[in-house]
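In the working numbering, the protein residues as written are 1463 to 1592. All C-beta atoms, glycine included, are put in the ideal place defined by N, C-alpha and C. See structure below.
Here it is as structure tokens:
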């Protein structure tokens, strides 16, 4: 299973609870979804964490592997990620089917900058790295 397949399964899993998914299409490494309750969501699937987002979409979700390089990239570019109110990042270990997620904008509001790296490392360590 690759990260795109995992994300497609994850989207279906979440939809099994609410049933609000109206449309889903795959365009390269993006999965475009339309929900009756939250509108359009773009899922970016890439093994490496990226600073990509769709400016026309209110909700963006980046799905990447739970690896040290991705954690370091998040820490290095924290302010850019935290500036997007509707961005969610999901770090995945596909083999173990485990994940942790963060909404940087919200996390930044409750976190002091001195503890950011320690807090993110704790979240990272909650799932085996790949």
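Requested in this report: Write down every uninterrupted run of the beta strand (DSSP E) in the stretch 1515-1569 whose length is 3 residues or greater and which is fully enclosed by it, in chain order.
Outcome: 1521-1527, 1549-1555 and 1560-1564
Query raised in the report: Based on Cα-Cα distance, which residue from 1480, 1549, 1475 and 1484 lies nearest to residue 1505?
Result: 1549
Query raised in the report: With burial defined as no fewer than 16 other Cβ atoms inside 10 Å of the residue's Cβ, what is the status of residue 1464: buried or exposed?
Result: exposed
Report task. Could you spell out where the alpha helix (DSSP H) holding residue 1476 opens and where it closes? Result -> 1465-1480
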